[in-house]
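**Student:**
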Amino acid sequence: MIGIVIATHADYCSGVLHAVELIAGPQTNVKTIGLFHGDGIDEFEEKVWSAIEEVDDGSGVLGMVDFLGGSPSNTFLKYMRNHNMHCVRGVNMPMCLEAFMSRDYCTIEELVKICIDAGKDGIADLYDDMKSFGAAEGEEEEF
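Position 65 of the sequence shown, counting from 1, maps to 64 under numbering that gives the first Met the number 0, and the rest follow consecutively.
(1) Would you call the stretch 80-97 in contact with the stretch 32-45, where contact means no fewer than 3 C-beta pairs closer than 8 Å?
(2) Please report the distance separating the alpha-carbon of Gly-118 from that of Gly-62.
(3) Is Ile-122 helix, strand or coil when you go by DSSP?
(4) Which residues bound the beta strand (DSSP E) around Val-4?
(5) With a cut-off of 8 Å, does the C-beta of Tyr-78 fall near any C-beta of chain C?
(6) Check Met-63 in the structure and name its three-state DSSP category.
(7) Just to confirm, are Gly-37 and Ser-13 a CB contact at a threshold of 8 Å?
(8) Buried or exposed: Glu-109, going by 16 or more other Cβ atoms within 10 Å of its Cβ?
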């Protein structure tokens, strides 16, 4: 099973995991690490690197971070200089759901593509979605 490490600013990482588990059930082989005001970057890096090693059962590890240029993404970039692994940025709920539901059945490279596609597809204008499902303005309709 591909391991997953979600590292973000504050509690976003644990929040998205809790939301995924509400839908998909409890997950194994996953770690979340939040970076909080006042945390030392060296300690944060050690937590991330230890988490990567903990979830690696030989099938690979996928990192997930909130955005490019922040300390979580920089920590993964630093780690990836000396280790062969993948990390996606822009972590969101659709991306995480697909990752957890697909990680047993694909390669790490396939999982990266699945996550990126799901993450992008999960962003849309809900009003446009409503119109595309045929609900008239002001009319309630269940999808």
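Beta carbons: idealized from backbone N, C-alpha and C, even for Gly.
**Tutor:** In terms of the structure at hand:
(1) no
(2) Here the question's residue 118 lines up with position 119 in the sequence shown. Here the question's residue 62 lines up with position 63 in the sequence shown. Roughly 14 Å separates the two Cα atoms.
(3) Taking the sequence shown and counting its residues from 1, one reaches residue 122 at position 123. Of the three classes helix, strand and coil, the one that applies to Ile-122 here is coil, per DSSP.
(4) For the purposes of this step, residue 4 is taken as residue 5 along the sequence shown, with counting starting at 1. It spans 2-8 - the beta strand (DSSP E) in which Val-4 sits, taken as one unbroken run.
(5) Here there is only one protein chain, and chain C is not present.
(6) For this step, residue 63 is matched to residue 64 along the sequence shown. Note: Met-63 maps to strand in three-state DSSP.
(7) Within the sequence shown, residue 37 is the residue found at index 38, counting from 1. Within the sequence shown, residue 13 is the residue found at index 14, counting from 1. No, they are not a contact pair.
(8) Indexing the sequence shown from 1 puts residue 109 at position 110. The residue in question, Glu-109, is exposed, as its Cβ has fewer than 16 Cβ neighbours within 10 Å.
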